[in-house]
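Number of protein chains: 2
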Amino acid sequence: MARPRSEEARRKALAAANDLIIERGVGNLTIEEVAARSGVAKTTIYRHWPERASLIIDTVRMTFEHVSTPDTGSLRGDLEAFFLGMVRADLSGKVGHIMPCLIDAASRDPEIEMLLDRISIERQQPILTMVERAQRRGELPPSLDTRVVIGTILGPIVFRKIVWRQPLDTSYVQSCLDVAITGLSALRPIPVVPVVPAVAAD
Amino acid sequence: MARPRSEEARRKALAAANDLIIERGVGNLTIEEVAARSGVAKTTIYRHWPERASLIIDTVRMTFEHVSTPDTGSLRGDLEAFFLGMVRADLSGKVGHIMPCLIDAASRDPEIEMLLDRISIERQQPILTMVERAQRRGELPPSLDTRVVIGTILGPIVFRKIVWRQPLDTSYVQSCLDVAITGLSALRPIPVVPVVPAVAAD
DNA sequence: GTGTTCCGCTACGTTAGCGTAGTGTTGAGT
DNA sequence: ACTCAACACTACGCTAACGTAGCGGAACAC
Numbered sequence: 110m111a112r113p114r115s116e117e118a119r120r121k122a123l124a125a126a127n128d129l130i131i132e133r134g135v136g137n138l139t140i141e142e143v144a145a146r147s148g149v150a151k152t153t154i155y156r157h158w159p160e161r162a163s164l165i166i167d168t169v170r171m172t173f174e175h176v177s178t179p180d181t182g183s184l185r186g187d188l189e190a191f192f193l194g195m196v197r198a199d200l201s202g203k204v205g206h207i208m209p210c211l212i213d214a215a216s217r218d219p220e221i222e223m224l225l226d227r228i229s230i231e232r233q234q235p236i237l238t239m240v241e242r243a244q245r246r247g248e249l250p251p252s253l254d255t256r257v258v259i260g261t262i263l264g265p266i267v268f269r270k271i272v273w274r275q276p277l278d279t280s281y282v283q284s285c286l287d288v289a290i291t292g293l294s295a296l297r298p299i300p301v302v303p304v305v306p307a308v309a310a311d
Numbered sequence: 110m111a112r113p114r115s116e117e118a119r120r121k122a123l124a125a126a127n128d129l130i131i132e133r134g135v136g137n138l139t140i141e142e143v144a145a146r147s148g149v150a151k152t153t154i155y156r157h158w159p160e161r162a163s164l165i166i167d168t169v170r171m172t173f174e175h176v177s178t179p180d181t182g183s184l185r186g187d188l189e190a191f192f193l194g195m196v197r198a199d200l201s202g203k204v205g206h207i208m209p210c211l212i213d214a215a216s217r218d219p220e221i222e223m224l225l226d227r228i229s230i231e232r233q234q235p236i237l238t239m240v241e242r243a244q245r246r247g248e249l250p251p252s253l254d255t256r257v258v259i260g261t262i263l264g265p266i267v268f269r270k271i272v273w274r275q276p277l278d279t280s281y282v283q284s285c286l287d288v289a290i291t292g293l294s295a296l297r298p299i300p301v302v303p304v305v306p307a308v309a310a311d
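As they're listed, the protein sequences go chains X and E. Residues in the first sequence are numbered from 110 upward in steps of one, following the numbering used here. Residues in the second sequence are numbered from 110 upward in steps of one, following the numbering used here.
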């Protein structure tokens, strides 16, 4: 036809919305202020996102993007790389700032709740992958409760950053990983060969 | 002199405020609605709490009250009683509903942040007491990093309920406690961390 | 009892943000 | 070159909530 939606307007509006969500929270995001800060006209924003919720969802989706899954050869190495790298940076940055008000909003808005559920599942996937690899290598018992795996590995990290709002220093992360790995290894009374280079026990 | 502040008005307003905080979140609490729902006149509410923040703080303080410290003779027994009893009821009730928006508000309001810090410390005390008793009994190594103790014990529980918004079923709690206790028992005592961290993480 | 102060009520002006309409300009498709 | 939609801008009426003021009545201290 005539003229496509301005990609620049979209980009600017999303960036402003991102900042404002961090500053004021998901619940207090106003189109008016997004317009003022981004330089994009209010009417244009309404044209791109007819409902406030859709702007929020696009913004949040943009923030939670990449997830990588390290593969170092050992569970401990994988988890350490994962948490001291991406997760720490993430939780100390935009993700860490948006997370609390997103959780809050989820308890009140089904649409955001679904979004958060999706994000949660996405974020737990790398851990499950690393754990499965460890199980194949014999580093962990073969049958573990997924909820417990996620809870004991991810729980102490996220808890400290999100709930307690404290920094994730290296020694904390390492100790928590020690506890989780040791505890999970011993979890089932199933006879488990200690972590020794598997010399083909057949 | 003449007439003391009505205790009933105060009580009614706080109850309504509590409900509304759960429904709408700390950030969206309006005096107008507290007045409408409680039956207490708006002017009266302003007389009792000149600033919105003080009403919020009083309300939250009222919600987070009692903390008991079980003493069953073993760390495992103590923790199980603690988490499957009070903590589970708490997190499934008002506390669990208020917590997320309180965390969110804390990132934006220093006064609420201080309140939440105080609450956090109060809530970690029972665990520290139970752990210290266990250390005296020889169930745990004598020198443990407090942050790690709290993180690995409380983290998986609070994480599941607050961040993942999933129920705290008994088997989950028990398995997480198994992991934490086993892991902490095997944790090698680490040299005391200096007060001022050399490498700041965050 | 008397007096003072609090309570509930109604009303007020003010503000922020909503979502929409209208106008002129600009820029990408054809 | 032409066209048509998207753009920025201004303005509008509407609503929710703000915080304050003034009123009569009621309760508690004395």
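Beta carbons: idealized from backbone N, C-alpha and C, even for Gly. As the structure is a computational prediction, the values presented were derived from the model and not from experiment.
Residue-level contact check: Leu184 of chain X does not touch chain E, since none of the beta carbons of chain E fall below 8 Å from its beta carbon. Assigned with DSSP and collapsed to three states, Gln233 of chain X falls in helix. Closer than 8 Å to the CB of Ser284 of chain X there is at least one CB belonging to chain E. With fewer than 16 other Cβ atoms inside 10 Å of its own Cβ, Asp180 of chain X counts as exposed. Below the 9 Å Cβ cutoff, chain E contributes Pro209, Arg274 as neighbours of Ala215 of chain X, in chain order. Between Gln233 of chain E and Ile259 of chain E, the gap from beta carbon to beta carbon is short of 8 Å. The contact set of Ser229 of chain X on chain E, defined by CB atoms closer than 7 Å, consists of Trp273 in chain order. Chain E places no beta carbon closer than 8 Å to that of Leu188 of chain X, leaving this residue out of the contacts. In the displayed model, Pro159 of chain X falls within coil according to three-state DSSP, outside both helix and strand. Taken through DSSP and simplified to helix, strand or coil, Val176 of chain X comes out as coil. Residue-level contact by beta carbon fails for Ala126 of chain X and chain E, as no gap is shorter than 8 Å.
Between Thr172 of chain E and Ala144 of chain E, the alpha-carbon positions lie close to 19 Å from each other.
Close CB contacts of Gly134 of chain E within its chain, under the 7 Å cut and outside five residues either way in sequence, are with Cys210 (chain order). Counting C-beta pairs closer than 8 Å gives fewer than three between the stretch 246-255 of chain X and the stretch 244-254 of chain E, which falls short of the contact rule. Linking Leu138 of chain E to Asn127 of chain E through their CA atoms gives a straight-line distance of about 9 Å. Listed by position along chain X, the residues whose Cβ is nearer than 9 Å to that of Phe268 of chain E are Ile259, Gly260, Leu263, Gly264, Pro265, Ile266, Val267, Phe268, Ile271, Val272. If you compare the alpha carbons of X:Ala198, X:Leu164, X:Asp167, X:Ile165 with that of Ser177 of chain X, the shortest gap goes to X:Ala198. For Ser183 of chain X, the closest of X:Glu241, X:Ser216, X:Glu231 by C-alpha to C-alpha distance is X:Glu241.
In this structure, Ile271 of chain E lies near Ile212 of chain X, with their beta-carbon atoms less than 8 Å apart. Within chain E, the residues placing a beta-carbon under 7 Å from that of Thr291 of chain X are Thr291, Gly292, Ala295, ordered along the chain. Here Thr255 of chain E is exposed: its Cβ has fewer than 16 other Cβ atoms, across all protein chains shown, within 10 Å. Counting the other Cβ atoms within 10 Å of the Cβ of Thr152 of chain E gives fewer than 16, which makes it exposed.
Taking 8 Å as the threshold, the shortest C-beta distance from Ile212 of chain X to chain E falls below it. In the three-state reduction of the DSSP assignment, Asp128 of chain E falls in the helix class. The Cβ-Cβ distance between Val288 of chain X and Leu296 of chain E falls below 8 Å. Under the Cβ distance rule, Gly202 of chain E does not count among the residues neighbouring chain X, no pair being separated by less than 8 Å. In this structure, the CA atom of Arg217 of chain X is about 44 Å from the CA atom of Ala111 of chain E.
With a beta-carbon spacing of about 13 Å, Leu164 of chain E and Arg146 of chain E fall beyond the 8 Å limit used to define contacts. The beta carbon of Ile221 of chain E lies closer than 6 Å to those of Ala214, Ala215 in the same chain, with the five residues before and after it left out.
In this structure, Ile166 of chain X lies away from Leu123 of chain X, with their beta-carbon atoms at least 8 Å apart. The continuous stretches of alpha helix (DSSP H) do not include Asp218 of chain X, and DSSP gives it neither H nor E. Here DSSP, grouped into helix, strand and coil, assigns Leu200 of chain X to helix. Contact of Gly194 of chain X with chain E by beta-carbon distance below 7 Å is absent, the smallest such distance being about 12 Å. In the DSSP annotation of this structure, the continuous segment of the alpha helix (DSSP H) that includes Arg256 of chain E starts and ends at 255-267.
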